[in-house]
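What follows is one structure encoded as structure tokens, with my remarks underneath.
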Amino acid sequence: MTDATIRATKLTRRFGSFVAVDGITFEVRSGEVFGFLGANGAGKTTVIRMLTGLLAPSAGQASVAGHDVYRESEAIKRDIGYMSQRFSLYDDLSPLENIRLYGGIYDIERTELRRRTDTMLERLGLTRVQNDSVGSLPLGWKQKLALSVALLHRPRIVFLDEPTSGVDPITRRQFWELIYEASHAGTTVLVTTHYMDEAEYCDRISIMVAGRIAAIGTPADLKQAAGAESIDELFVQLARPASDQAAAGAR
Amino acid sequence: MNALLGLLRKEWYHILRDRRTLFVIVFYPIVQVMLFGSSVRTDVRNVRLAIVDPTPDATTLELRNRFSASGVFRIVSVTPTDAPLDHLFQTDTAQVAVAFQPRFGERLSRGEPAQVLVFSDATEPNSGTSRQIYVRSVLQAYQNELGLRAGALQIVPRVRSRFNPTRVSANLFVPGLMAIILTIIAALMTALSLTREKETGTMEVLLVSPLRPWQIIVGKISPYLVIGFLSVLSVYGVARIVFHVPMQGSLALLIAEGMLFILVSLSLGILVSARTSSQRVAMLGAMMATMLPTQMLSGLVFPIESMPRALQWVSLIVPARWFIVIVRGIMLKGVGLSYVWQETMILAAMALVLLVASTQSFKVRLQ
């Protein structure tokens, strides 16, 4: 399985005169965990929004799960799962009600939905609180639930936009276990993060700096090529010139 | 279909679990009608009347009796001179004063003109005028009788205020209030609930899902249609039971027109929220787009005919303007659809345009 499930060619998005994403080209292979790294404002979220159909590209091509983002955005929607930067569940509904809602939206057959729901709640240890309001749960539980809900309809690709921001290290670890499980089950994962240690968990990563992809490859290859000890060091190497430039521009 | 049912169920959960908002939705219409209906009055009742009668005689006593007996006036003072009048008006002890000429009865019996001076407090011009009219009608009635006794020829105008014969203001305001209440519930609530989803981020998830824009909109609109329906009923109930507003026409037609108006307001709310991203902005937007025009330009408070020409043109696009005509027509005049079909068509056209526009602005992807 080496065919690409996400393919972007010279994908560009401008907001007025500001170029948020500047002609990036990359591929994500089927079944891999692909990390999208970059500082805040580097353009990670904009890329995800273009690939999920929330935002129209200004130029360039992209296809997701074999569907063109311009013409077949409806087909894309059925094949992807999405967990937004902000919390994507309803706080005033219970975990069970949230799951049922998304089960209905993705048209999962009733007995099948019940089976998946039970497994999921069990797996997350949320069976006891399945009828409490989501708003009353700790953030870590909520994020794990949100990820599981995004995977509920077994999408071919799942987009996770900074899913672990604000979550404690232990929960982040558990969260990544969930990501691996999904990956083993055949789901392609595209995850953005600005935790550099998480980059090491990815099969391949790309580092975005000021709207461009500054580096792309496996974490080990990238470190070796740059002679860096860690992804963190590599990232600083790549991002430093850009932020210095920005600072010079501001002056 | 499953998806839509799920959305509807979720929307109901939102509404039923937000206790404070639910409380507002349920009690707002009732409180509003009670407040408006009982505080905003232009009908004339219990008018405080001061009499200046320098030379009391049989005629002036008869007239004084007639004022008291009319049920409109309450005589608060009888004085021989008009000296205390200023004080009476200033302290609001009197609202109207009637001053008889000295030797009033005597002049009248001799066939000389007998003059009566009528003062009224015109700080509120409309009420002032209505009170004057009542004073004059009492005097007029008496003069007519005198004339008949004397066998003189005369033209006797008899005035009837049709559809609201006793000029009860609740009859005028309650139908109009229905427009305001429905606007608030429909436009404001949908605008808020949509922008709340934008703020929390759940809207993105819905947009990324295979849901169609129309499904999201129908899911948002339907619960508020039901709530609007209940509001129409509760406003109608209060109007009938507490204020005895007459219902000349068909309740079914009233409800149907009410639903049409709610649909217009809901689509407005969606349009507003499609263009804003925070609840605060949406609230202001919904207020500006619906509440202000509804109160000021709909003919509810100020008659459209007396507005400047430019504002009259603006009032044409205010949905409430048409709805108020319809409600007053149905409730007070008892007309059927054949008399309000033009207004109905205008509302229907507005609903259509707004719905299409809001679905379109929804399709435009999130920026």
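Heads up: the sequence lines are chains A and B, in that order. All letters in the first sequence, in the order written, are residues 1 to 251 by this note's numbering. All letters in the second sequence, in the order written, are residues 252 to 618 by this note's numbering. Backbone N, C-alpha and C fix where the C-beta goes; we use that ideal spot for every residue, glycine too.
- When rounded, the separation of the alpha-carbon atoms in A/L126 and B/S444 is 28 Å.
- Chain B places a beta carbon closer than 8 Å to that of A/T52, counting this residue as a contact.
- At a beta-carbon threshold of 7 Å, the residues of chain B lying near A/K77 are V459, S460, P461, ordered along the chain.
- A/T164 places its beta carbon less than 8 Å from that of A/F175.
- The C-beta of B/S566 has 16 or more other C-beta atoms within 10 Å across all chains shown, which makes the residue buried.
- Note: A/R204 is bridge-paired with A/F34 in the DSSP secondary-structure output.
- Taking A/L152 as reference, the option from A/V47, A/E181, A/I170 with the minimal CA-CA separation is A/E181.
- Under the three-state reduction of DSSP output, B/I326 falls in the strand class.
- Here the region 65-79 of chain A makes no contact with the region 40-48 of chain A; the two share fewer than three CB pairs at distances below 8 Å.
- B/F512 counts as buried, since no fewer than 16 other beta carbons sit within 10 angstroms of its beta carbon.
- Residue environment for B/F494: buried (at least 16 other C-beta atoms within 10 angstroms of its C-beta).
- Looking from the CA of A/L96, the closest CA among A/I24, A/R154, A/D168, A/S148 belongs to A/S148.
- Judged by DSSP secondary structure, A/K10 falls within the beta strand (DSSP E) whose first and last residues are 4-15.
- Around the beta carbon of B/Y487, a 10 Å sphere encloses 16 or more other beta carbons of the protein chains shown; the residue is thus reported as buried.
- Counting only Cβ-Cβ distances below 7 Å, B/Y264 has contacts in chain A at D92, L93, E97, in chain order.
- The C-beta of B/M539 has fewer than 16 other C-beta atoms within 10 Å across all chains shown, which makes the residue exposed.
- Nearest CB-CB separation between A/R71 and chain B: not below the 8 Å threshold.
- The C-beta separation of A/K44 from A/M196 comes to about 14 Å, leaving the pair out of contact by the 8 Å criterion.
- The three-state secondary structure of A/D107, taken from DSSP, is coil.
- Residue contact with chain A for B/R271: absent (no Cβ-Cβ distance below 8 Å to any residue of chain A).
- Between the alpha carbons of B/V569 and B/G587 lies a distance of about 22 Å.
- For B/A348, the enclosing beta strand (DSSP E) stretches over residues 347-351.
- Note: B/R299 is bridge-paired with B/R325 in the DSSP secondary-structure output.
- For the pair of segments examined, the region 526-543 of chain B was found to touch the region 422-441 of chain B: the number of CB pairs separated by less than 8 Å reaches three.
- A/Y82: member of the beta strand (DSSP E) spanning 80-83, first to last residue.
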